[in-house]
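Here this note's numbering is used: the first residue of the sequence shown is 74, the next is one more, and so on.
For every residue, glycine included, the Cβ atom is placed at its ideal position computed from N, Cα and C.
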Amino acid sequence: MTPGAKVDERPLVVIFGANPWDDVLMNDRLLAVELLRYCDILWVDPHMSVLSPRAKERGRLRSLWPETEKVQEGLTLLRPVALPAHSRAGLRHTTAPLLRSQTRRALLTMGRTPYAVIDARFGRMTGGWGPGVLNVMYAMDDVVGGAYLMGRDVGAVLMDERETLARADLVLAVSEPLADRLRGLGGQAQLLANGVAVEMYRDVDGAPPAPEVDLPHPIAGIIGYLSERIDITLLEAIVEAGMSLLMVGQHDPRFEPARFARLAEHPRVQYVGLQPFAKLSSYLHHIDVGVTPYVDSEFNRASCPLKTLEYLAAGRPAVSTDLPAARWLGTDLIRIASEPAAFAAAVRDVSAESREPYYMAARRAFAENHSWRRRGDDLATMLGLVPAAHRSDESEGVRPV
């Protein structure tokens, strides 16, 4: 039991999320929801300055100081603040101490001492929380590789990663390549792969179809952020092979603007932009094959794409480029191809069995074994919240590397 904890209290885990709680559902929040079955959570949103667009949405006065909100029983949300221009070289050093101070004040107000602290943003939040507190680094992406893509200061990101790693008692990574890289830096990394919210995809075929979608079958679909992580040549190959393409998600305007515009204007292509999570089932209703056409990059090789498992949870076949995460899943329910002609051929081949009940059931059963619920069970075991003997034997989302 954590020092200072009351006998009747559940353990408290502090999670420094990489994404705001009220934003798009991402893996850190999905994992936190499942962890609530074992502990209370203080979720700390990414900090923002009074000059940020998010601050404008909240209102200037409200954004001048941190806010706490009890979201539900066992879950408290902290919205911290940072200095204006906090990402600049001269001010970056102020951010971590300021965030720690606001978090400690929230803990004091709650009258709680953390059992564990999870840093999911490489924010230098590991260490320094008192004796007996478990410090966890949760690597959801290769942030160093991603810094090149997002135009961030790579040197600063490297320093954040190294300091977070150096003070962590437990290091988790979503893919084996990422875990291997962190091991090379001295961390004893363990694999905690991404999962899928299977309950949200069980009734895709019973969902009302999106009325604006009007495409001939077979329809390949891609759901997610459309950026330079995507190999647009593979999307073009699908259309050139005579199939339809449905694209759902935000398009990065820097990503192949002319080619993307031409692709979106094709009569067998529809681009519907970013859609609320609650409406995704209506778009998946139309899709015959889900595709994960990632380019071969260091960042992508270290990733664990959510979309591939989401396609399977919806009962749809999946075609992916040759990613380590796709091979790690180890199933012929995911076809792997990387060249344009082979990728398009794989999409056409599996589209023929897209709606066959046997295969749909097999895909959904496979996805169930990789649910976020199982990942939450695995994380609870790794944190010592439940004995290892109680972990699901069927889950393969966690293993030492």
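Taking C-beta separations shorter than 6 angstroms and ignoring five residues to either side along the sequence, the partners of glutamine 348 in its chain run Val321, following chain order. Here proline 390 is not near leucine 307, since their CB atoms are 7 angstroms or more apart. Ranking Val106, Gln263, Val459 and Trp94 by CA distance to the CA of threonine 141 puts Trp94 first. The C-alpha of glutamate 441 lies about 15 angstroms from the C-alpha of glycine 403.
If you look at lysine 143, you'll find it in the beta strand (DSSP E) that goes 140–145.
In the three-state DSSP reduction, arginine 83 falls in the coil class, being neither helix nor strand. DSSP, read as helix, strand or coil, puts valine 286 in coil. Distance from arginine 240 to threonine 199 at the Cβ level is roughly 4 angstroms; contact confirmed, criterion being Cβ atoms closer than 8 angstroms. One alpha carbon belongs to isoleucine 303, the other to serine 370, and they sit about 10 angstroms apart. Taking a C-beta distance under 7 angstroms as the contact criterion, alanine 417 and isoleucine 311 qualify as a contact pair.
In the structure shown, the three-state DSSP call for alanine 155 is strand.
Remark: C-beta atoms of isoleucine 114 and leucine 151 do not approach each other more closely than 7 angstroms. Beta-carbon to beta-carbon, aspartate 233 and arginine 197 are separated by about 6 angstroms, close enough to satisfy the 8 angstroms threshold. The straight-line gap separating the alpha-carbon atoms of arginine 436 and threonine 168 is approximately 45 angstroms. Here arginine 185 carries a coil assignment [DSSP, helix/strand/coil].
The C-beta separation of valine 420 from valine 362 comes to about 5 angstroms, placing the pair in contact by the 8 angstroms criterion. Residue Ser300 holds the alpha-carbon nearest to the alpha-carbon of proline 330 among Ser354, Leu357, Phe350 and Ser300. If you keep only unbroken beta strand (DSSP E) runs of at least 3 residues inside the region 264–313, you get 292–296.
Counting C-beta pairs with one atom in each stretch, the region 249–260 and the region 283–291 have fewer than three that are closer than 8 angstroms, which means they do not touch.
In this structure, the CA atom of glycine 257 is about 15 angstroms from the CA atom of glutamate 236. Between tryptophan 401 and leucine 103, the gap from beta carbon to beta carbon reaches 7 angstroms or more. Counting only residues of its own chain and dropping the five nearest sequence neighbours on each side, isoleucine 305 has a CB closer than 6 angstroms to the CB of Glu329 and Arg332. Annotation: proline 153 to serine 317 spans about 45 angstroms, alpha carbon to alpha carbon. Proximity to alanine 91 across Phe195, Asp405 and Asn267 peaks at Phe195, based on C-alpha coordinates.
Phenylalanine 372 and leucine 396 have their C-alpha atoms some 11 angstroms from each other.
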